[in-house]
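S.K.: Have a look at this one before I ask anything.
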Amino acid sequence: MAEHIIELQNVTKYYDDNLVIDNVSFYVNKGEFITFLGPSGCGKTTTLRMIAGFDLPSSGKILLNGKDISLLPPNKRPVNTVFQRYALFPHLNVFENIAFGLKCKKVRNTYENADGKSYTKTERLSKKEIGEKVKKALALVDLEGFEKRSISTLSGGQQQRVAIARAIVNEPEILLLDEPLGALDLKMRKEMQLELKAMHKRLGITFIYVTHDQEEALTMSDTIVVMADGVVQQIGTPTKIYNEPANTFVADFIGESNILTGTVVGEKRVKFCGKAFDCLDLFERNEMVDVVVRPEDIVMCPPEEGTLVGDVISVVFKGIHYEITAQVGKYELVINSTESRSVGERIGMKIAPDGIHLMKPKYTTNVFVGTITKRNTVKFADGEFACDVTQLYPGSHLDAEEYLITETGEKIDLTDTKVRVEVGLDDIEISDDQGAGGTTGRIISIIYKGDHYRLIVRTEGEEEEDFVFSTDDLWNEDDLVSVIIPKEKIKLSLAQTEEKKR
Amino acid sequence: MKIPHFSRKTLCIPYAVFLIFFVIIPMLVIVFYAFTDKNMHISLGNFIRFFSDPTKLSTIVYSLVIALITTVICLLIAYPVAYILARSKMKRKFVILLLFVLPMWINFVLRVNALRELFNLLSSLQGMDWLASSNYFKTVFGMVYDFLPFMILPIYTTMLKIDPSLYEASRDLGAGAATTFLRITVPLSMPGIMSGVTMVFLPSMTNYVVSDMLGNAKVTIIGKFIYEYFGTDWHMGSMVALVLLVVVFVSTWLTGGFSSEENVRGANL
């Protein structure tokens with residue numbers, strides 16, 4: 001079994017009152033190239049900063065080689081960082097930048113005195129040793145002879161190399177890289193990806209890499225940690241993450257995919273787009289599932305041979321392949337193929353069992369904790385909605401003063417009653433008109449599900465609740481919208497516990 | 001309709017006129033007066049008289065010492081303030097900065113007057129009578145009080161411009177808090193220190209209002225000297241002004257204020 005060089009145990013991090021890392025646990029094997037991958041704001045950089053020591057976890061432990069380092073300052077940790085915008089010292093030249101860490105370092109040397117007894121002394125590195133190490137580091141990043149150059153005269157790629165040299169010259173046990181290639185142009189980035197990978201092989205140390213670029217993660221990593229919303233979504237090898245995504249988020253984030261809603265109709269059989277398919281995943285019969293099919297797993301064939309039949313509605317040339325979109329009934333499917341088709345052509349489609357991935361849907365309904373207010377409205381998710389409070393007590397009705405009268409004639413003042421609010425995925429509408437609904441929020445996620453979009457709207461107030469729902473209309477991410485829920489679609493029940501569930 | 005077009009050259013003309021009439025010609029006049037005698041004959045008399053007169057030389061030295069002490073005290077007070085304010089994540093740090101800088105917006109003479117009254121009041125207290133005769137102390141105190149904002153502001157703005165990830169990089173490479181301060185913070189805030197020093201050092205050599213009002217006119221600084229000579233002897237006054245100019249030029253040159261690279265990175269001069 002490989003050694004765990006870093007292990008995170010139930011790490012949680014709050015910035016002020018915002019939860020950015022939510023109870024994350026995982027380990028990193030010694031010598032591996034591991035990548036934290038996720039959209040911006042998913043907590044990947046914060047996780048890296050906690051390993052470096054710039055941020056301390058609010059709770060939980062970080063172990064390095066089995067020892068708790070959670071509270072150790074960064075200068076006492078055997079890790080070095082390559083920063084996002086390099087953070088090279090502008091007042092020092094290339095040599096001085098790279099030598100900075102070496103000059104801070106103290107080493108124990110053993111000597112023999114005149115009597116032949118050995119003794120150890122803690123000393124700083126000599127000028128000669130520093131010079132040699134810097135030279136070696138510069139050679140490693142192909143910048144021989146750049147010692148005297150000032151930082152401002154270097155190109156972005158050269159600064160990047162100096163930043164890497166400055167970190168690895170200290171011979172850290174772990175090299176942390178925080179989106180180091182983000183500022184480079186595409187060609188340079190591809191080159192550096194391969195160089196970093198080669199460097200990882202040569203140095204044999206652990207690399208922890210942070211990026212939002214899924215292709216970069218797939219190219220370079222031994223292991224990928226996919227993060228979203230401060231939670232680890234999936235950990236695995238690039239192949240595993242790509243071929244067997246754990247949920248629709250991972251499927252959508254890594255590569256292109258067709259994400260559809262299906263029903264399990266038998267053992268290893270699932271129905272979607274109106275047709276039944278053989279698949280490899282075992283689920284309960286009649287269970288609703290999310291179905292993920294990669295565009296390259298849909299094989300085109302003559303219409304009479306296909307399980308699915310549809311019409312080509314668009315063809316886009318992508319260099320190595322064509323991206324063909326076909327309309328199948330009310331669903332749209334994306335196909336990647338080296339063969340082209342023409343728009344309007346009728347095609348058949350087949351999907352092999354191993355091309356179909358089933359997963360439990362992440363959201364089946366929206367649940368909130370709310371409070372009934374004076375006007376018999378319910379307050380939740382940073383807003384207030386009209387609702388039917390009589391559903392809380394079967395057989396009850398409202399009297400003229402809007403007080404609730406139960407079946408037995410009891411009069412109840414519901415003000416400040418805690419309730420569980422449930423709203424179905426199809427019962428939410430959004431509007432541009434900010435006053436139209438009970439609350440407003442921003443669209444934080446849009447996933448196309450073949451015939452509709454699955455949107456997540458996060459409210460902007462203190463509660464920051466998420467609404468998940470389906471819509472036929474295309475919206476833009478980050479749009480500020482008003483959330484409308486019809487009165488009769490808000491299901492209330494008396495809250496048993498105060499715990500929030502989704 | 002033709003739109004009037006001004007070339008860059010045409011736009012320069014007003015400034016050139018200004019510079020000629022208010023900088024170059026006056027300079028030439030001062031040089032002319034400094035090296036002529038009362039009959040407008042070219043002479044080195046003023047030069048020789050100035051440098052052979054011990055009182056004049058000692059005044060120059062006094063001015064330099066007072067200015068130096070003022071500058072050092074201002075720097076010692078301003079640097080921590082600027083450092084803490086620039087690095088803190090406080091939401092209202094702007095207000096605190098404003099409080100430090102606010103005196104700048106109140107009439108200078110009024111402030112010095114108030115300080116004098118305060119000193120008078122204090123020295124009338126028992127055991128505080130030493131204050132009445134400590135003219136140098138009061139002068140330096142007044143100057144520090146007056147010029148402190150000019151030291152805080154440039155240092156604060158340079159420190160704000162330092163990328164916080166540089167501190168993190170330094171810690172990451174194994175430097176402790178003290179090493180980071182000495183090897184990252186101080187060198188990178190040097191342009192701010194330099195411009196603060198220039199903005200405090202020069203006025204404290206020439207601004208004789210403070211020394212007059214707080215030092216009971218017992219403290220004579222070089223600015224006072226120039227002022228007095230222009231009442232009686234323009235030629236000698238011009239010579240003193242010229243000597244001051246040379247002193248300033250040399251001290252600016254020594255602190256690296258003319259190097260163009262520094263000007264790119266932070267405000268200087």
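Going line by line, the protein sequences match chains A and B.
Letter by letter, the first sequence follows residues 1 to 502 in this note's numbering.
Letter by letter, the second sequence follows residues 1 to 269 in this note's numbering.
Glycine residues also receive a C-beta, built at the ideal position from the N, C-alpha and C atoms.
What you are looking at is a predicted structure, and each value in this text was computed from that prediction instead of being measured.
(1) So, for V264(B): in the same chain, excluding its five sequence neighbours on each side, which residues have a beta-carbon less than 6 Å away from its beta-carbon?
(2) Note down, in chain order, each residue of its chain lying with its Cβ closer than 8 Å to the Cβ of I151(A), except the 5 sequence neighbours on either side.
(3) Please report how far the alpha carbon of F469(A) lies from the alpha carbon of G424(A), in whole angstroms.
(4) Can you tell me the Cα-Cα spacing of C104(A) and L203(A), whole angstroms?
(5) Which chain A residues sit within Cβ distance under 8 Å of T158(B)?
(6) Check the C-beta distance from T440(A) over to V483(A) and give it rounded, since I have them as a contact under 8 Å.
(7) Given that a residue counts as buried once 16 or more other Cβ atoms are within 10 Å of its Cβ, and exposed if not, what is T71(B)?
(8) Return the chain-ordered ranges of every alpha helix (DSSP H) run that is complete within the stretch 43 to 130 of chain A and spans a minimum of 4 residues.
(9) Considering only the alpha carbon of each residue, which of D281(A), T237(A), N23(A) and K449(A) lies closest to K61(A)?
(10) For A400(A), decide whether its Cβ has a neighbour in chain B, counting only Cβ atoms nearer than 8 Å.
(11) Between which two residues does the alpha helix (DSSP H) holding H235(B) run?
(12) In or out: D146(B) buried (at least 16 other Cβ within 10 Å) or exposed?
(13) Less than 8 Å between the C-beta atoms of F36(A) and M227(A), yes or no?
(14) Work out the CA separation of E195(A) and R189(A) for me, nearest whole Å.
(15) Could you check what DSSP says for S150(A) in three-state terms: helix, strand or coil?
(16) What does a CB cutoff of less than 6 Å around V82(A) pick up in its chain, not counting 5 residues either side in sequence?
(17) So if DSSP puts T263(A) in a beta bridge, which residue, or which two residues, is it bridged to?
(18) Let me know the beta strand (DSSP E) ranges lying completely inside the stretch 329 to 397 of chain A, each 3 residues or longer, listed in chain order.
(19) Identify which residue in E32(A), T12(A) and V20(A) has its Cα closest to the Cα of I6(A).
(20) What does the alpha-carbon distance come out to for the pair H4(A) and P57(A)?
(21) What are the boundary residues of the alpha helix (DSSP H) that includes Q234(A)?
(22) Helix or strand or just coil, what does DSSP make of D200(A)?
(23) Under 7 Å Cβ to Cβ from H30(A), same chain only, skipping five residues before and after it: list those, please.
(24) So, with DSSP's three-state summary, where would you put I106(B)?
(25) Let's test the definition: count the other Cβ atoms within 10 Å of the Cβ of A137(A) and tell me whether it reaches 16, buried, or not, exposed.
(26) What residues match up with L176(A) in a beta bridge as DSSP calls it?
(27) Would you call the stretch 334 to 342 of chain A in contact with the stretch 296 to 308 of chain A, where contact means no fewer than 3 C-beta pairs closer than 8 Å?
(28) Return the chain-ordered ranges of every alpha helix (DSSP H) run that is complete within the stretch 125 to 173 of chain B and spans a minimum of 4 residues.
(29) Note down the Cα distance separating K127(A) from V107(A), rounded to an integer number of angstroms.
(30) Would you call the stretch 246 to 253 of chain B and the stretch 171 to 186 of chain B in contact, with 3 or more CB pairs under 8 Å?
(31) Who are the Cβ neighbours of H321(A) in its own chain at under 8 Å, not counting the five residues just before and after it?
(32) Where do the ends of the alpha helix (DSSP H) carrying C279(A) lie?
(33) Counting only Cβ pairs nearer than 7 Å, list the residues of chain A close to I184(B).
(34) Kindly say whether L173(B), judged by its beta-carbon, lies nearer than 8 Å to any beta-carbon of chain A.
(35) Are the Cβ atoms of F277(A) and R285(A) separated by less than 8 Å?
(36) Touching or not, the stretch 72 to 88 of chain B and the stretch 138 to 158 of chain B, by the rule of three or more beta carbon pairs under 8 Å?
M.R.: Let me spell this out:
(1) Low local confidence applies: a pLDDT of 40 at V264(B) is under 50, so the model's placement there is unreliable, and no value is given.
(2) L88, F89, P90, L92, N93, V94, N97, Q159 and V162
(3) 8 Å
(4) 22 Å
(5) None at all; the shortest Cβ gap to chain A is about 12 Å.
(6) 7 Å between Cβ atoms; contact.
(7) So T71(B) counts as buried.
(8) Listed in chain order, the complete alpha helix (DSSP H) runs (minimum 4 residues) inside the stretch 43 to 130 of chain A are 44 to 52 and 94 to 104.
(9) Looking at the Cα atoms, N23(A) is the closest of the given residues.
(10) no
(11) W234 to L254
(12) buried
(13) Yes; because the gap between Cβ atoms is below 8 Å, this pair is in contact.
(14) 10 Å
(15) strand
(16) A163, I164, A167, L177 and P180.
(17) Answer is K271(A) and M288(A), bridged to T263(A).
(18) 331 to 337, 346 to 351, 356 to 359, 365 to 372, 377 to 380 and 383 to 386
(19) E32(A)
(20) 19 Å
(21) Not the alpha helix (DSSP H): Q234(A) falls in the beta strand (DSSP E), residues V231 to G236.
(22) As written in the sequence, residue 200(A) is His, which differs from the Asp given in the question. H200(A) falls in the helix class under three-state DSSP.
(23) One point to set straight first is that residue 30(A) is Lys, not His, in the sequence displayed. The beta carbon of K30(A) is closer than 7 Å to those of A2, E3, I5 and T206 in its chain, skipping five residues each way along the sequence.
(24) coil
(25) Buried, by the Cβ-count rule.
(26) T81(A) and I208(A)
(27) yes
(28) 130 to 133, 135 to 161 and 164 to 172
(29) 14 Å
(30) No: the two stretches stay apart, fewer than three of their Cβ pairs being nearer than 8 Å.
(31) E296, N336, S337 and T338
(32) Looking at the DSSP string, C279(A) is not in any alpha helix (DSSP H), and its letter there is neither H nor E.
(33) In chain order: F89.
(34) Chain A contact via Cβ: present.
(35) no
(36) yes
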